[in-house]
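Enquirer: Residue numbers (the UniProt record's numbering): 1 to 80.
Idealized CB from N, CA, C, for every residue including glycine.
Because the structure is a prediction, the values reported are computed rather than measured.
The structure is given below, and queries will be raised subsequently.
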């Protein structure tokens with residue numbers, strides 16, 4: 001059965017923040033160290049042998065987008 005307009009969930013744009021967070025909110029005060037860990041699980045439909053030459057490039061892309069040094073991005077892999 002189809003949902004009526006009153007039963008349908010709101011559009012996704014209603015759930016998005018109206019203003020993007022400022023990069024200043026992510027910076028630690030002078031003299032303080034901010035530590036965080038982000039774990040991402042990504043699945044690719046290619047073999048590890050084909051992916052291996054691109055892992056460093058992928059880590060570099062993550063580092064750039066997270067505004068961290070590439071040395072702060074670790075590569076872990078699980079082969080099923």
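(1) Kindly indicate which three-state DSSP category residue 68 falls into: helix, strand or coil?
(2) Under 8 Å by Cβ, that's how I've got residue 62 and residue 73 pegged, so tell me the actual separation to the nearest angstrom.
(3) Between which two residues does the alpha helix (DSSP H) holding residue 49 run?
(4) Taking 8 Å as the cut-off, decide whether the C-beta atoms of residue 69 and residue 55 are in contact.
Expert: In short:
(1) The count along the chain shown starts at 1 and reaches residue 68 at position 68. Secondary structure at residue 68: coil, using DSSP grouped into helix, strand and coil.
(2) Here residue 62 is taken as the residue at index 62 of the chain shown, counted from 1. Here residue 73 is taken as the residue at index 73 of the chain shown, counted from 1. Contact holds; Cβ gap of about 5 Å.
(3) Position 49 of the chain shown, counting from 1, holds the residue named residue 49. Where residue 49 is concerned, the enclosing alpha helix (DSSP H) stretches over 48-51.
(4) Counted from its first residue, the chain shown places residue 69 at position 69. Counted from its first residue, the chain shown places residue 55 at position 55. By the CB criterion at 8 Å, residue 69 and residue 55 fall outside the cutoff.
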